[in-house]
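**Q** In terms of this note's numbering, the sequence shown is residues 46 to 239.
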Amino acid sequence: MPSVKPEYEVLAAAVTGRLRGDPSLPLDEEPEEEEPLAGEDEEEEPRPPERFLEMHRLAHIVKTIDRAVAVVPKGALLVEASRKIRPHRNFEGLSVEAAKDLRSYFHFRNPESIEAIAALTKKGLVRDADFLDPIAADKPPGCWTLSMNPSVSCSVLRSLAWPGYFFFHEAETGDYGGAYFGDGLPNTDLQFML
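(1) By Cβ distance, which residues of its chain are closer than 8 Å to ALA253, with the 5 residues on each side in sequence left out?
(2) What would DSSP say about HIS133, mapped onto helix, strand or coil?
(3) I'd like to know if the segment 211–226 and the segment 130–150 are in contact, where contact means that at least 3 CB-CB pairs between them fall below 8 Å.
(4) Given that a residue counts as buried once 16 or more other Cβ atoms are within 10 Å of its Cβ, and exposed if not, what is LYS129?
(5) Write down the C-beta distance between VAL107 and MET46 rounded to the nearest angstrom, noting that I regard them as a contact closer than 8 Å.
(6) If distances are taken between C-alpha atoms only, which option among GLY62, HIS101, PRO71, ASP67 comes closest to GLU52?
(7) From the DSSP output, in three-state form, read off ALA226 for me.
(8) Keeping to the same chain, check which residues put their C-beta closer than 6 Å to that of THR190; ignore five residues upstream and five downstream.
(9) Do you know how far the Cα of ARG96 is from the Cα of SER149?
(10) Name the DSSP beta bridge partners of HIS214, please?
(11) Return the CA-CA distance between ALA163 and ASP67, expressed in angstroms with no decimal places.
(12) Please report how far the alpha carbon of LEU147 lies from the alpha carbon of ASP183, in whole angstroms.
(13) Taking all protein chains shown into account, do 16 or more other C-beta atoms lie within 10 angstroms of the C-beta of SER200, making it buried, or fewer, making it exposed?
(14) Within 10 Å of its beta-carbon, does GLY120 have 16 or more other beta-carbons around it, so buried, or fewer, so exposed?
(15) Beta-carbon within less than 7 Å of LEU98's beta-carbon, same chain only, minus the 5 sequence neighbours each way: which residues are those?
(16) Name, in chain order, the residues that DSSP records as bridge partners for TYR150.
(17) Please report the distance separating the alpha-carbon of VAL60 from that of VAL49.
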């Protein structure tokens, strides 16, 4: 995935509709050719400006979805004394009761809430539920569904804001993961569904 320039972020956010499937498809207007200025070397071919392509929009969509819905269970990450966040090697999973609770799941991203940012900057130990944003606080309330499999051993989270996102956690084990199998479009009717 290419990195997305700030000006492309703005363009990508303004484009609506489905992706067409051609990463090299230009999504901006053809730039006008500039006349060479007097004194410029006319033999040297001017480099054409980089166009805003569908691959830039795709990179923006992936980044947006990842920021909105990537999830980890409580305790899967820890904060070292140097304030680096890393995976918890001894994570043994949530209990069955905790796996049934939406408050046991957190966004896997840099914290955005004031409380989580403050927890990372304060001195001393940081508890596992303090330094990440809880998905239970996402707006609108009810934008996540949590269910258990028939044997009540695996929790399944789905995002109603980004249909196609799926997260699982095998209770009392360190196994968890998530994937997105959607069309890259957010559910703009969510507030009317809840």
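The beta-carbon is built from N, C-alpha and C at its ideal position, and this holds for glycine as well. Keep in mind the model is a prediction, meaning the values are calculated, not measured.
**A** So, from the listed chains and residues:
(1) Because the chain spans 46 through 239 in this model, residue 253 falls outside it and cannot be assessed.
(2) coil
(3) yes
(4) Under this definition LYS129 is an exposed residue.
(5) That belief holds up - the Cβ atoms of VAL107 and MET46 are roughly 6 Å apart, short of 8 Å.
(6) HIS101
(7) First, the amino acid is wrong: residue 226 is Phe here, not Ala. Looking at PHE226 - three-state DSSP - the assignment turns out to be coil, as it is neither helix nor strand.
(8) ARG203
(9) 43 Å
(10) SER200, TYR221
(11) 43 Å
(12) 11 Å
(13) buried
(14) buried
(15) PRO68, SER69, LEU70, PRO71, LEU72
(16) PRO118
(17) 15 Å
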